[in-house]
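Novice:
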Amino acid sequence: MANKGLQNASQPKTTTLIGSRLVRLAFLIALDASAIWFFNRVVSLGYYPLAAATSIILIFVNIIFLRRKAYPIRWMVVGLVLMALFTIYPIIFTVWVSFTNYGEGHLITQEQSLDQILKEKYLPETGRAYSWTAFKSPEGEYVLWLEDADGNGYLAKPGEPLTQPQPGESGISGFDDKGIPETIEGYTRLNAIQAAIDQNLTEIQFGEAGNTIQIRSPKEAAELLPLYAYDPERDVMTNQETGVEYQNIRGTFSAPDGTQLRPGFIASIQFANFKEFFTSPALRGPLVRIIIWNFAFAFFSLLLNFSLGLAIAIMFNDQYFPFKKLIRSLLIIPYTVPALLTILIWRGMLNPELGVIDRALEALFGWAPPWFTDQTWAKIAILIINLWLSYPYFMLICSGALQSIPDDYYAAAQVDGANTWQQFWRITLPLLLVAVGPLLIASFVFNFNNFNLIYIFNAGGPPMAGTPTPAGHTDILISYVYNLAFTASRGINYGFAAAITMVIFFIVGTITLFQFRYTNMWEEVSENV
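The opening position of the sequence shown corresponds to residue 1 in our numbering, with each subsequent residue numbered one higher.
1) Taking the alpha carbon of A26 as the point to measure from, which residue in G437, F38, F39, N62 has its own alpha carbon closest?
2) Could you give the C-beta distance for C398 and A298, rounded to a whole number, given that I count them as a contact under 8 Å?
3) Could you check how far apart the C-beta atoms of D150 and Y130 are, in whole angstroms? I think they sit under 8 Å.
4) Helix, strand or coil for T183? Go by DSSP, reduced to three states.
5) At which residues does the alpha helix (DSSP H) containing L383 begin and terminate?
6) Got a sec? Which residues, its chain only, sit under 7 Å from K219 by beta carbon, not counting five neighbours each side?
7) The alpha helix (DSSP H) spanning G79 covers which residue range?
8) What did DSSP end up calling K275 once you bin it into helix, strand or coil?
9) If you draw a straight line from the alpha carbon of A196 to that of F506, how long is it in whole angstroms?
10) Given a threshold of 16 other Cβ atoms within 10 Å of its Cβ, counted over all protein chains shown, does S603 qualify as buried or as exposed?
11) Comparing alpha-carbon positions, which option in L50, G258, Y71, S55 lies nearest R21?
12) Bridge partners of T238, per DSSP?
13) Assuming F60 is part of the alpha helix (DSSP H), what are its boundary residues?
14) To the nearest angstrom, report how far apart Q199 and I215 are at their CA atoms.
15) Which term fits V356, buried or exposed, when burial requires 16 or more other beta carbons within 10 angstroms of its beta carbon?
16) Cα separation between P369 and P468?
17) Provide the residue span of the alpha helix (DSSP H) that contains K119, from first to last.
18) Relative to the C-alpha of I249, which candidate in Y480, A272, Q112 has its C-alpha closest?
19) Since A530 sits in a beta bridge, which residues does DSSP pair it with?
20) Helix, strand or coil for I327? Go by DSSP, reduced to three states.
21) Should N447 be counted as a contact of the ligand SAH given a C-beta to heavy atom distance under 7 Å?
22) Could you work out which residue in A465, T94, L439, G460 is closest to D475 when comparing CA atoms only?
23) DSSP puts R189 in a beta bridge; with which residues?
24) In the DSSP assignment, find the unbroken alpha helix (DSSP H) run with G437 in it and report its ends.
25) Please report the distance separating the alpha-carbon of L433 from that of F424.
26) With W145 as the anchor, note down where its beta strand (DSSP E) starts and where it stops.
27) With burial defined as no fewer than 16 other Cβ atoms inside 10 Å of the residue's Cβ, what is the status of S113: buried or exposed?
28) State the Cα-Cα distance for the pair F531 and I290, rounded to the nearest angstrom.
29) Under the DSSP definition of a beta bridge, which residues are partnered with H473?
30) Checking 8 Å against the spacing of the C-beta atoms, do Q110 and P263 come in under that value?
31) Taking 7 Å as the limit between beta carbons, can you name the residues of its chain near L6, skipping five residues before and five after?
32) Taking DSSP as the reference, what is the three-state secondary structure of F290?
33) Would you say the segment 85-93 touches the segment 42-59, given that touching needs at least three Cβ pairs under 8 Å?
34) Under the assumption that L123 contacts A222 (Cβ atoms under 8 Å), give the Cβ distance between them as a whole number of angstroms.
35) Check this for me: beta carbons of I531 and G171, under 8 Å apart or not?
36) Which class does Y410 belong to by DSSP, given the choice of helix, strand or coil?
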């Protein structure tokens, strides 16, 4: 009886386990089917890096769900997949793009580019032209009625020789006064508007192979031939009308006279983007000044923002400060307003003609700083705006850090005769930097790439004079790269932008490692407090 009871108890568990496995298998099959469809779709569009990332993620998910040892990771699989798609893949894709010519005019694969170029046709000297009238069947098939310069009429079907049928032949009932069939059995005659909006007509080759006819214009069809022929061994495109050869140069077929065939295609150019950034005279001109200002902007922003936030936090750390909660709540308001709106508001207030700040200064002193035309005042304005945006954040983190410092340290310092300033430098600041040091590093990195503030306030202005490339006195590296890669006359260049992004990454990474070293020093100092 006891054995029967155990068997009956184990049956529901076995049924539940089998049901769980079936549900898991069904989910995995549905996921694989969706991923395979997506993979085929991106491959057909030529997005091979995304296809490779999809394959790797799909294999990873299947291994996790099919291997018993990987059971604990199943609970993290969604987060891992999202991290791979939205964090790891963009980084790898950016690295890949930095070694290519990916950009305006080079957005598709070589196969797609060849397909478009080889579709171009030309009318040879021996080719004949015709006026045409289109007929369409309910199944979507087309025939053309062609008429040459001598008034001879021909019926053209795809893949068949031209014929000159008489009434009663080929389903033709009769001709109108212009010599065009009134009806063709199984086909409906298209008027000029219907034929003009039918995109399929221009792609169809009528007549037999080697002597095909295509629609050339709304009124003319002709015996067109492919304009270009491609030699894959030499990687050369030849114009069959003129005989000019176009060499593949960095993803663009170019003739000796500089003429280029469009569209170009994505091609590997190795380190050309990096070489251009470091060696081009057009880039070297303003680059040094921009990098110096970039470091100065990040440093002074961090220094001013942290100093003001810390000063306010120390002020309100006194438990007897009147209306402390109310004032602290009001001081947090700048942090709660979206930065985009705040920057636009400051831009309006500093407007030299209508800004409330400029008008108030002119009324009091008869003069207002030229915030948008003088490089020094423009930089001061940006630091002031960034101070307004960031000091509440430092006030909050410093307030929390100050609460964690034991009062015993201050009591012991007072016994030793330390004054308030000595207590701040020897106790408060070292212990505070240990707690907020990583946040200071993050703030420095953020300001080093603070594109929004620079671009929204004055787009990096005022402009530098005599530079070969567009640059402003308040441009930082990221805004300067944006102007070069996306707003310059040469068009959008994602490959170049990705290369500069890599350079910025290594700069910021080096700064971060250097600052973390000093963070460890702060920890050593705190141990001696």
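Note that CB positions come from ideal geometry on N, CA and C, so glycine has one too.
Specialist: Once the coordinates are examined:
1) As a working mapping, residue 26 is identified with position 26 in the sequence shown. Of the candidates G437, F38, F39, N62, the one whose C-alpha sits nearest the C-alpha of A26 is N62.
2) Numbered from 1 along the sequence shown, position 398 holds the residue referred to as residue 398. Numbered from 1 along the sequence shown, position 298 holds the residue referred to as residue 298. Not really, about 19 Å apart at Cβ, beyond 8 Å.
3) Residue 150 sits at position 150 when you count from the first residue of the sequence shown. Residue 130 sits at position 130 when you count from the first residue of the sequence shown. Rounded, the Cβ-Cβ distance is 11 Å, inconsistent with contact.
4) By one-based count along the sequence shown, residue 183 stands at place 183. Here T183 sits in coil by DSSP.
5) Here residue 383 refers to the residue found at position 383 when the sequence shown is read from its first residue. Note, L383: alpha helix (DSSP H), 375-403.
6) Here residue 219 is taken as the residue at index 219 of the sequence shown, counted from 1. S131.
7) Mapped onto the sequence shown, residue 79 falls at position 79. Looking at the DSSP string, the run of the alpha helix (DSSP H) that includes G79 is 77-83.
8) Along the sequence shown, read from residue 1 onward, the residue named residue 275 stands at position 275. K275: helix per DSSP, three-state reduction.
9) Within the sequence shown, numbered from 1, the residue matching residue 196 stands at position 196. Within the sequence shown, numbered from 1, the residue matching residue 506 stands at position 506. Going by the C-alpha atoms only, they are around 55 Å apart.
10) No statement about residue 603 is possible, as the shown extent of the chain runs from 1 to 529 and does not include it.
11) Residue mapping note: residue 21 aligns to position 21 of the sequence shown, counting from 1. Looking at the Cα atoms, Y71 is the closest of the given residues.
12) Position 238 of the sequence shown, counting from 1, holds the residue named residue 238. According to DSSP, which records beta bridges pairwise, T238 is partnered with A229, E245.
13) Taking the sequence shown and counting its residues from 1, the one referred to as residue 60 is at position 60. Run containing F60: 48-66, per the alpha helix (DSSP H) assignment.
14) Position 199 of the sequence shown, counting from 1, holds the residue named residue 199. Position 215 of the sequence shown, counting from 1, holds the residue named residue 215. So the alpha carbons of these two residues sit roughly 11 Å apart.
15) Indexing the sequence shown from 1 puts residue 356 at position 356. The residue is exposed, with fewer than 16 neighbouring Cβ atoms inside 10 Å.
16) The residue given as residue 369 occupies position 369 in the sequence shown. The residue given as residue 468 occupies position 468 in the sequence shown. Cα to Cα, the separation comes out at about 29 Å.
17) To locate residue 119, count along the sequence shown from 1; it is residue 119. That residue, K119, is in no alpha helix (DSSP H); it is neither H nor E in DSSP.
18) Here residue 249 is taken as the residue at index 249 of the sequence shown, counted from 1. When each option's Cα is compared against that of I249, the closest is A272.
19) This structure gives no information on residue 530, because the portion of the chain shown stretches from 1 to 529.
20) Numbered from 1 along the sequence shown, position 327 holds the residue referred to as residue 327. Note: I327 maps to helix in three-state DSSP.
21) Of ligands this structure carries none, so the ligand SAH is not represented either.
22) For the purposes of this step, residue 475 is taken as the residue at position 475 of the sequence shown. Nearest C-alpha to D475: G460.
23) Taking the first residue of the sequence shown as 1, we reach residue 189 at position 189. F135.
24) Counted from its first residue, the sequence shown places residue 437 at position 437. Looking at the DSSP string, the run of the alpha helix (DSSP H) that includes G437 is 429-448.
25) As a first step, residue 433 is located in the sequence shown; it is residue number 433 there, counting from the start. As a first step, residue 424 is located in the sequence shown; it is residue number 424 there, counting from the start. Straight-line Cα distance between these residues: approximately 12 Å.
26) Residue 145 sits at position 145 when you count from the first residue of the sequence shown. From DSSP, the beta strand (DSSP E) with W145 extends over 142-147.
27) On the sequence shown, residue 113 is found 113 positions in, with the first residue counted as 1. S113 comes out buried.
28) Any answer about residue 531 is impossible in this case: the structure gives the chain only from 1 up to 529.
29) As a first step, residue 473 must be located in the sequence shown, where it is residue number 473. Bridge partners of H473: none, in fact.
30) Stepping through the sequence shown from its first residue, residue 110 is reached at position 110. Stepping through the sequence shown from its first residue, residue 263 is reached at position 263. In this structure, P263 does not lie closer than 8 Å to Q110 by Cβ.
31) The residue labelled residue 6 in the question sits at position 6 within the sequence shown. Annotation note: pLDDT 43 at L6 (below 50); position unreliable, coordinate value reported separately. Around L6: no qualifying Cβ.
32) If you number the sequence shown from 1, residue 290 lands on position 290. The sequence shown places Ile at residue 290, not Phe. Three-state result, I290: helix.
33) yes
34) By 1-based counting over the sequence shown, the position of residue 123 is 123. By 1-based counting over the sequence shown, the position of residue 222 is 222. That pair is a contact at about 5 Å.
35) Because the chain spans 1 through 529 in this model, residue 531 falls outside it and cannot be assessed.
36) If you number the sequence shown from 1, residue 410 lands on position 410. Three-state DSSP puts Y410 in a helix.
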